[in-house]
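Visitor: I am attaching a structure below and will ask some questions about it afterwards.
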Amino acid sequence: MDDLLSIGEFASRCGLSAKMLRSYAAAGLLVPAAVDGFSGYRYYSPGQVHRARVIALLRRAGIAVGDITTFFADPDPIRLDRWDRDIAGASAARRRALAQARAALAIDPATPSKGHAMPLTFLAATATRTGGRDTNQDTALAREGLFAVADGFGAHGDTASQLALDTLDSTFTPDHTISELFTAYHEANQHVWQLSRTNGSNQATGTTLTALALTTDAAATVLHVGDSRLYRLRHNRLVQLTEDHTATAELIQRGELAETDAQTHPHRHILTRALGVAPHVDIAYTGVSCKSGDRLLLCTDGVFTTLSPEEMKTLLTSQISPHAAANQLVTHAATRESADNATTVVIDVR
Ligand code: MN
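Using our numbering, you'd call the opening residue of the sequence shown number 157 and step up by one each time.
What follows is the structure, encoded as structure tokens:
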């Protein structure tokens, strides 16, 4: 009994209330490790804290207790992807209903919002340079409503990044909804995973993929895996909108590494997430606020590891057209010593 925790101690350790714990015990989701036969007091083991924290997080994501119980009985990662899509779909449906209510009430928003504002125009250009490498494994895409960069790695990295963008391009078409965007992204992962499995090399093949899409139900959204980035230049400030999925970026987030030491850290190129290395991929995504006058930049690590944020900002602001800005960035990045492939998509919001 020594290392067992009372229900109160356990509740405070995992951020759940005693009442919730009793209901999870009743549902068979988290059964106490021991119950005092005399007092009826429940005791939990320290080893149960992890599961309890996961349950707390899933509940916060709005997952029903019954669904969580089913998940723990058979922890299939596909279920997490499905929940992810359900949440995106539900939030899109709520936003549509709110927009309809607003229209029915004939109330215009105080400041123009996405639904009522003048439609924004996106003017984009892509550029890529091989740099000091033998081959260019980067790929860029800019078409109506979809902008993306991918940085391939492994024996068939060039095919991987091209395949990812081709799949995204051909799948995200009929109605441009957020759920269709997720489907396209998962499809891209499947295709690269198949390529990786059949390429006959013991070197893993995969790619990063950072895609900005204009959806009809959730406005501008960035979906992202790996260390290619999205930046926004607004009022002369350049802000990075994606977090790298690298070993060093995660150390920085946890406060275990200083940003200045990350540039020389031996693990700075180690990706913690990538497309095509497993049958399922955990996609990071977020809405992107866009307004007229913004200039957006998608780029591979060959750009931001060779150019300083200040140089990037200067190159972006000194060029009038997206085409010239995209080219200037890759030209400067790829001429540095031992330069990686450098790829950009510059998007002006009008
Ligand atoms: Mn690269």
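Ideal placement from N, C-alpha and C gives every residue a C-beta, glycine not left out.
Determine, using beta-carbon pairs with one atom in the segment 311 to 329 and one in the segment 339 to 354, whether at least three such pairs fall under 8 angstroms.
Guide: Yes, since at least three Cβ pairs between the segment 311 to 329 and the segment 339 to 354 fall closer than 8 angstroms, the two stretches touch.
Visitor: Express the C-alpha separation of Q396 and G443 in angstroms, rounding to a whole number.
Guide: Their Cα atoms are separated by approximately 14 angstroms.
Visitor: In the DSSP assignment, find the alpha helix (DSSP H) that holds Q318 and state where it starts and stops.
Guide: It spans 313 to 327 - the alpha helix (DSSP H) in which Q318 sits, taken as one unbroken run.
Visitor: Tell me which same chain residues have a C-beta within less than 6 angstroms of the C-beta of G245, skipping the five on either side of it?
Guide: Around G245: S335.
Visitor: Relative to the alpha-carbon of S162, which residue among F194, Y200, G171 has its alpha-carbon at the smallest distance?
Guide: The option with the nearest alpha carbon to S162 is Y200.
Visitor: In the DSSP assignment, the alpha helix (DSSP H) including G443 goes from what residue to what residue?
Guide: Run containing G443: none in the alpha helix (DSSP H); it sits in the beta strand (DSSP E), 440 to 443.
Visitor: Classify G193 as helix, strand or coil using the three-state DSSP reduction.
Guide: Three-state result, G193: coil.
Visitor: Rounded to the nearest angstrom, what separates L427 and G310 at their Cα positions?
Guide: Approximately 13 angstroms between the Cα atoms of the pair.
Visitor: Who sits around ligand 1, taking every residue whose Cβ is closer than 7 angstroms to one of its heavy atoms?
Guide: Taking each Cβ in turn, the ones that pass are D294, D307, T456, D457, G458, D496, N497.
Visitor: Does DSSP classify T420 as helix, strand or coil?
Guide: Coil at T420, not helix or strand.
Visitor: According to DSSP, is D237 part of a helix, a strand, or is it coil?
Guide: It is helical.
Visitor: On the premise that V348 lies in contact with G515, defined as a C-beta separation below 8 angstroms, what is that separation, rounded to the nearest angstrom?
Guide: The structure shown does not extend to residue 515, since the chain spans only 157 to 506, so no value can be given for it.
Visitor: Within this structure, are the beta carbons of V378 and L365 separated by less than 8 angstroms?
Guide: Contact flag unset, no.
Visitor: What separation, rounded to the nearest whole angstrom, lies between the Cα atoms of N358 and G308?
Guide: Straight-line Cα distance between these residues: approximately 16 angstroms.
Visitor: When DSSP labels each residue in this structure, what does R506 get in the three-state scheme?
Guide: R506 falls in the coil class under three-state DSSP.
Visitor: Within its chain, find whatever has a CB closer than 7 angstroms to the CB of G301; leave out the 5 residues flanking it on each side and keep chain order.
Guide: If we look at G301 and ignore the five residues flanking it on each side, its Cβ neighbours are H332, A369, L370.
Visitor: In terms of residues, what are the limits of the beta strand (DSSP E) holding T371?
Guide: 365 to 371 is the extent of the beta strand (DSSP E) around T371.
Visitor: Start and end of the beta strand (DSSP E) containing C511?
Guide: Absent from the model: residue 511. The displayed extent of the chain is 157 to 506, so no value can be given.
Visitor: Report, in whole angstroms, the separation of the C-beta atoms of R424 and A430, which I expect to be a contact under 8 angstroms.
Guide: Incorrect: roughly 15 angstroms between the Cβ atoms, too far for contact.
Visitor: Is the Cβ-Cβ distance between L324 and A367 less than 8 angstroms?
Guide: Contact: yes.
Visitor: What residue from V205, A182, D294 has the CA that sits closest to R169's CA?
Guide: For R169, the nearest C-alpha among the options comes from V205.
Visitor: Could you give the first and the last residue of the continuous beta strand (DSSP E) run that contains A283?
Guide: Residues 278 to 285.
Visitor: Grab me the residues of N345's own chain with a C-beta within less than 7 angstroms of its C-beta, minus the 5 sequence neighbours each way, in chain order.
Guide: Excluding positions up to five away in sequence, the list reads L431, G432, V437.
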